[in-house]
Amino acid sequence: MLSDKIKNEIQSAYRASLESKGHKPRVGQRQMIATIARTLGGIKQGTEGERLGEKHVAVVEAGTGTGKTLSYCLSAIPIAKAKGVKLVISTATVALQEQILFKELPDLLEHTEVAFRYTLAKGRGRYLCLNKLEDFMGSEELATDDMFAGLLEQHLQTDDVNTALYQKMDEALKNSDWDGDKDNWEGILRDQDWRRLTTDHQQCTNRNCANFSACPFFKARAEIETADVIVANHDLVLADLSLGGGAILTPPDETIYVFDEGHHLPDKAIGHFRHEIRLQGSISWLRQLEKNLLTLKQELTQEVSLTGQLLMKIPQQIQTVVNFIQYVQQGLAPYIQQLGLDLENNQHRFEFGVVPEELRQLAYSLSTSYQKLFGQIESIQDECKKVKQNEGMGVTQETAENWQPILGVILGRLEQAVELWRLYSHQDDLNYPPNARWLEVVGQGLEQDIELGASPILAAHTLRMQLWDKCFGAVVTSATLTALNQFNRFNMRSGVPRESEYLRVLSPFDFANKAELIVPDFVSEPNKADDHTKEIVQYLNKHIDLTQGSLVLFSSRKQMESVADQVNDSLKAILLIQGEQSKRIILDSHKERLDKDKGSLLFGLASFAEGVDLPGKYLTRVFIAKIPFSVPDDPVEATLAEWIQKRGGNPFMEISIPDASLKLVQATGRLLRSESDEGEIHIMDKRLKTKRYGSQLIASLPPYKMR
1 MLSDKIKNEI QSAYRASLES KGHKPRVGQR QMIATIARTL GGIKQGTEGE
51 RLGEKHVAVV EAGTGTGKTL SYCLSAIPIA KAKGVKLVIS TATVALQEQI
101 LFKELPDLLE HTEVAFRYTL AKGRGRYLCL NKLEDFMGSE ELATDDMFAG
151 LLEQHLQTDD VNTALYQKMD EALKNSDWDG DKDNWEGILR DQDWRRLTTD
201 HQQCTNRNCA NFSACPFFKA RAEIETADVI VANHDLVLAD LSLGGGAILT
251 PPDETIYVFD EGHHLPDKAI GHFRHEIRLQ GSISWLRQLE KNLLTLKQEL
301 TQEVSLTGQL LMKIPQQIQT VVNFIQYVQQ GLAPYIQQLG LDLENNQHRF
351 EFGVVPEELR QLAYSLSTSY QKLFGQIESI QDECKKVKQN EGMGVTQETA
401 ENWQPILGVI LGRLEQAVEL WRLYSHQDDL NYPPNARWLE VVGQGLEQDI
451 ELGASPILAA HTLRMQLWDK CFGAVVTSAT LTALNQFNRF NMRSGVPRES
501 EYLRVLSPFD FANKAELIVP DFVSEPNKAD DHTKEIVQYL NKHIDLTQGS
551 LVLFSSRKQM ESVADQVNDS LKAILLIQGE QSKRIILDSH KERLDKDKGS
601 LLFGLASFAE GVDLPGKYLT RVFIAKIPFS VPDDPVEATL AEWIQKRGGN
651 PFMEISIPDA SLKLVQATGR LLRSESDEGE IHIMDKRLKT KRYGSQLIAS
701 LPPYKMR
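Under UniProt numbering, think of the first position of the sequence shown as 1, with each following residue one higher.
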């Protein structure tokens with residue numbers, strides 16, 4: 001039960017926050033605060049503070065303008081503090097993360113009596129590795145050495161080292177003008193320059209590193225220990241969970257998570273467990289690995305040491321792995337020839353993810369062989385770590401420090417291979433959705449290779465095991481969690497517990513009087529691409545206002561470029577096309593034109609249909625080329641559709657329509673960004689009027705005025 005003390009604290013903070021902004025209470029916002037507070041406050045704890053019971057997750061769809069960020073902060077922060085757990089607020093975009101960090105949380109501290117400490121959590125890749133910087137500063141020869149060409153992705157060419165930049169960084173660190181955080185560096189940073197200075201969990205030696213006490217990442221990690229609220233992103237949370245939880249963030253059982261923009265979480269999770277590997281590329285890499293490990297053997301002080309013994313066994317283990325890969329190549333060659341794969345038709349998806357038995361058995365041999373090789377390399381890395389405690393034998397401290405990060409990179413790649421082959425050797429449990437598996441022919445001639453891929457088709461089981469079952473509590477919120485006005489799609493993909501609390505909070509916007517939805521009477525359907533494109537061109541030429549801000553959203557780059565070529569010159573004069581410049585520059589240019597009372601026309605694809613915020617005069621007309629159905633060529637989605645059909649379902653109604661509904665809500669949502677906004681939405685797809693599902697899609701949209 002929610003104690004009176006916490007209840008009063010939340011209510012007082014809500015009143016104070018509203019007064020500071022001159023706002024009135026919103027019914028939807030109060031509903032959201034109450035639902036989250038009831039769910040999290042109702043979590044019972046055992047004698048050790050552990051969660052008891054299963055009703056610990058709230059799923060809240062909160063329409064645009066609801067004020068959801070304030071709602072979950074006001075309700076979750078006091079409860080997390082009272083229950084002695086951390087609050088992790090996770091977003092999918094940098095824009096929302098910055099809004100929470102620099103606006104919402106500071107406002108809450110300033111205008112209410114809720115007291116808390118907060119920090120931003122980032123992965124190791126956002127922080128400088130002092131060892132890497134020292135390598136470049138201390139030895140130019142080491143920085144340009146190509147001994148590991150083909151083995152390490154960050155291989156450098158002699159003229160490719162930005163020595164001036166690294167010297168500047170070194171000085172800034174010594175003068176305390178910079179903290180090693182990429183985002184706090186004031187100058188311009190090329191990706192290739194920064195990548196060479198970062199590390200990951202495999203390369204990082206943690207407390208065994210000579211620079212541990214000064215490490216920018218671990219300094220930031222220390223702030224997490226003292227903070228009450230940690231702002232992160234979905235990728236970082238998933239990465240932490242995949243490492244068992246508590247490696248970067250706090251342990252799940254001591255954490256309440258808030259996933260804002262939560263509709264992204266299932267797809268992000270699938271991406272973390274999707275693996276691809278090239279066969280000939282793997283052989284080449286393994287041969288290079290064998291050569292490079294010979295170099296380490298030459299640097300040993302005692303060949304009879306454990307490291308020396310391991311290095312003697314590794315060539316044989318590498319050869320075993322190579323032999324199995326070659327068996328796979330030989331077995332797949334006639335199979336691929338029979339399939340008739342070529343440059344045009346280069347991908348084959350295994351039905352229901354079931355691979356030939358011979359390939360599955362070879363995959364088992366490869367997963368175990370790769371795992372054994374991984375173990376041998378890991379043991380060498382462990383010996384290098386022991387050197388600092390004077391326990392490692394056969395390796396000098398200098399050699400150990402040089403090799404530890406290299407071995408970390410090697411382990412990272414081996415880990416990916418182990419997981420891929422494990423997925424191929426695994427026989428899927430018929431009680432759960434299968435894994436998608438596919439092969440692709442890449443390159444041509446002597447460069448031709450076979451790429452194998454595998455992925456779960458749903459993240460539900462993984463999220464349930466690693467997140468929902470382990471966490472102390474969670475809130476999932478977004479403006480678009482329902483599809484066709486139901487949570488079914490999100491539930492299927494996310495695996496949230498059945499006992500979860502659900503709430504839909506409608507947007508306070510006056511859709512009926514502020515926005516008009518227009519479905520023009522086109523002759524052609526989108527499957528007649530050329531005819532449909534011509535009609536779009538004619539329609540835009542007639543309906544684009546040259547003095548206002550307009551956005552046209554396409555599902556196909558080809559169609560977008562074709563329309564851009566064919567519209568009249570007056571539209572071309574104000575046209576900005578996604579991809580011609582960065583997204584930020586395009587949006588800034590669009591706003592600048594309208595600030596000067598000139599018209600501007602944006603052409604964009606899927607990424608412009610979500611997260612683009614152009615309030616007021618910046619956007620008064622939205623045009624959508626067609627219903628945004630997904631292209632059915634992704635092997636993961638295709639296997640999901642196949643599985644649903646096998647179970648007696650209808651993939652089109654269970655996947656395609658709900659997915660299109662969600663995307664259509666997001667796309668139309670670009671128009672009204674505040675209560676004072678108004679304008680028109682044009683969807684140039686006659687199927688909304690002629691197909692049975694068209695009425696379902698329209699019914700799932702906000703109640704716009706129809707024309």
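Think of the CB as a built atom: it goes at the ideal place given N, C-alpha and C, for glycine as much as any other residue.
Let me check one thing: in DSSP terms, what residues is residue i bridge-paired to?
i	result
H201	In the DSSP output, where bridge partners are listed per residue, H201 has none listed.
Y127	D181
D449	V442
L52	K44
K86	T255
H348	L439
S478	E61
L105	Beta-bridge pairing links L105 to no other residue.
I277	L452
Which one of the options has the shortest CA to CA distance from residue i?
i	options	result
P266	G308, V496, M706	V496
D428	K596, N175, H461	H461
Y72	V229, G694, P703	V229
W194	P405, C471, M32, L133	L133
E186	T198, L243, L165, H201	L165
I33	I77, E54, S305	I77
E378	Q538, P405, D4, I683	P405
V442	T255, P433, G453	G453
F374	V409, K386, C129, E344	V409
P658	V537, F490, A606, Y502	F490
I224	V85, N206, G244	V85
L296	T477, L481, E401, L279	E401
Q347	K219, P356, S555, I336	I336
K372	K313, V395, P25, Q578	K313
Q329	A222, K534, Q448	Q448
G281	K534, S556, P106, E451	E451
P456	H201, Q538, Y432	Y432
Using a Cβ-Cβ cut-off of 8 Å (strictly less than) and excluding sequence neighbours within five positions of residue i, which residues of its own chain qualify?
i	result
V612	L551, L587, G604, R670
W468	V57, A474, G495, V496, P497
S676	G616
L236	S90, A121, K122, G123, I248, L249
A13	L74, P78, L108, T112, E113, V114
R117	T226, A227, D228, V229
Please return the same chain residues whose Cβ sits closer than 6 Å to the Cβ of residue i, not counting the five positions on each side in sequence.
i	result
E140	Low confidence applies to E140: its pLDDT is 44, below 50, so where it sits in the model is not reliable, and the reading given next is rough at best. Here the set comprises nothing.
Q548	G599, T620
residue 754	Nothing about residue 754 can be read from this structure; the chain reaches only from 1 to 707.
E516	E680, K705, R707
A609	L553, Q666, A667
S20	H111
S695	none
L2	A37, G41
S700	L484, N485, S661
E153	The predicted position of E153 is uncertain, since its pLDDT is 46 and thus under 50; a value taken from the coordinates is nonetheless stated next. None.
Q397	V387
Near residue i, which residues of its chain fall below 7 Å by C-beta distance, leaving aside the five closest residues on each side in sequence?
i	result
P526	H532, K626, D685
C46	Correcting the residue identity first, residue 46 is Gly in this sequence and not Cys. Excluding sequence neighbours, G46 sits near L52.
I698	L688
L142	Note on L142: pLDDT 44, under 50, position unreliable in the model; the coordinate value appears next. Result list for L142: D135, in chain order.
G353	D428, P434, N435, A436, R437, T639
Would you call the CB atoms of residue i and residue j closer than 8 Å?
i	j	result
G576	L601	Position check: residue 576 holds Leu in this sequence, whereas Gly was assumed. Yes, the pair counts as a contact, with Cβ atoms nearer than the cut-off.
F511	G65	no
P635	A436	yes
D181	P216	yes
R349	A638	yes
L238	H275	no
P628	L664	yes
I277	L439	no
L300	V395	yes
S365	F324	yes
Would you say residue i lies against chain C (beta-carbon separation less than 8 Å)?
i	result
D260	Of the protein chains in this structure there is only one, and it is not chain C.
Looking at residue i and the ligand ATP, is the gap between the Cβ and the nearest heavy atom below 7 Å?
i	result
L120	What this structure holds is no ligand at all, so the ligand ATP is not there to describe.
Unbroken alpha helix (DSSP H) runs of length 4 or more, entirely within the segment 507-573: which are they?
-> Correct list: 511-514, 529-543, 557-566, 569-572.
Entirely within the segment 620-695 and at least 3 residues each: give me those beta strand (DSSP E) ranges in chain order.
-> Listed in chain order, they are 621-624, 679-683.
Segments assigned alpha helix (DSSP H), at least 4 residues, entirely inside the segment 209-272 | 216-226, 234-242, 265-272
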